[in-house]
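Sequence order for the protein chains is D and W.
Going by our numbering, the first sequence opens with residue 4, and the numbers climb by one from there.
Going by our numbering, the second sequence opens with residue 376, and the numbers climb by one from there.
Glycine residues also receive a C-beta, built at the ideal position from the N, C-alpha and C atoms.
Predicted model, so just to flag it, every value in this text is computed and none were measured.
Here the structure is laid out as structure tokens; the discussion comes afterwards.
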Amino acid sequence: DSGVTQTPKHLITATGQRVTLRCSPRSGDLSVYWYQQSLDQGLQFLIQYYNGEERAKGNILERFSAQQFPDLHSELNLSSLELGDSALYFCASTAGRTMSFADTQYFGPGTRLTVL
Amino acid sequence: SQQGEEDPQALSIQEGENATMNCSYKTSINNLQWYRQNSGRGLVHLILIRSNEREKHSGRLRVTLDTSKKSSSLLITASRAADTASYFCATEGSSNTGKLIFGQGTTLQVKP
């Protein structure tokens, strides 16, 4: 158990809909990362938050957005869903207590999104 | 886009044998990490090697890093059936954001 929790575990929805994925980092961790894992694209970095602020952006679609709240949990919002958005979505956290990043990233169990 | 390529894509060995997986990457890095993923589940961190390190050990795992060749290898010694999983290398670039770029992974099957 990494200490990172994600809800829900599974999500089945229809095209055009909007969903919210939730991540609670390990206690005390300030940085949260979101990744998408799909069969054709592999594991792709989406976005990172550090202590409530966006820190880095990857291949995140404009239909997707995220935020990190004062209690450090994070939500990934996916809207206007398409079939191709079906994937495993992981969040990870690191302590990130300083700006010197060489931290192990601890991954949550993931949310499996199926868009029908 | 993928930073690294892993080789082989799939590996099947007998229990007790050693397994070696290779990872190549394209740009300069701060560190390289190896993760394991059991089918459809979360990623488990195995080992982190910094760009100024050449070799690191953790239990039955040995990781090497050659920054001149932009490559790394993961050796699992005396493999067990429980080692059956996908193994990914991930690089953290020099931008100091901590974001990881993953390779495509090697699927390892260890036969009892």
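6 Å Cβ shell around residue i - same chain, five flanking residues per side excluded
i        : result
Ser41/D  : Ala90
Ser461/W : Gln412, Gly480, Thr482
Gly61/D  : Phe48, Leu49
Gln484/W : Ser387, Thr459
Gln175/D : Residue 175/D lies beyond the residue range present for chain D, which begins at 4 and ends at 119; the question has no answer from this structure.
Own chain, CB closer than 7 Å to residue i, minus 5 neighbours either side, in chain order
i        : result
Asn406/W : Leu423, Ile424, Arg425, Ser426, Glu467
Phe110/D : Ser5, Val7, Phe93, Ala95
Gly31/D  : Ala98
Helix, strand or coil at residue i according to DSSP, with G and I counted as helix
i        : result
Ala465/W : strand
Asp382/W : strand
Asp74/D  : coil
Ala453/W : coil
Asp441/W : strand
Gln377/W : A caution first: Gln377/W carries a pLDDT of 49, below 50, which makes its placement in the model too unreliable to give a value.
N-terminal and C-terminal residue of the beta strand (DSSP E) that residue i is part of
i        : result
Gly87/D  : Run containing Gly87/D: none; DSSP gives neither H nor E here.
Phe67/D  : 67–71
Asn405/W : 404–412
Thr8/D   : 8–10
Ala394/W : 394–399
Ser433/W : 430–433
Lys517/W : Residue numbering for chain W in the displayed model covers 376 to 487; residue 517/W lies beyond these limits and cannot be assessed.
Arg425/W : 418–425
Beta bridge counterpart(s) of residue i as assigned by DSSP
i        : result
Gly45/D  : Ser41/D
Ser30/D  : Answer by DSSP bridge pairing: none, since Ser30/D is not bridged.
Gln51/D  : Tyr36/D, Ala59/D
Arg25/D  : Thr10/D, Glu78/D
Thr117/D : Ile15/D
Leu64/D  : Answer is none; Leu64/D lacks a bridge partner.
Gln389/W : Lys486/W
Same chain, Cβ closer than 8 Å to residue i, neighbours up to 5 away in sequence not counted
i        : result
Thr117/D : His13, Leu14, Ile15, Thr16, Ser89
Between the segment 413–424 of chain W and chain B, which residues of the former have CB atoms less than 8 Å from a CB of the latter, in chain order? Absent from the structure: chain B. Protein chains present are D and W.
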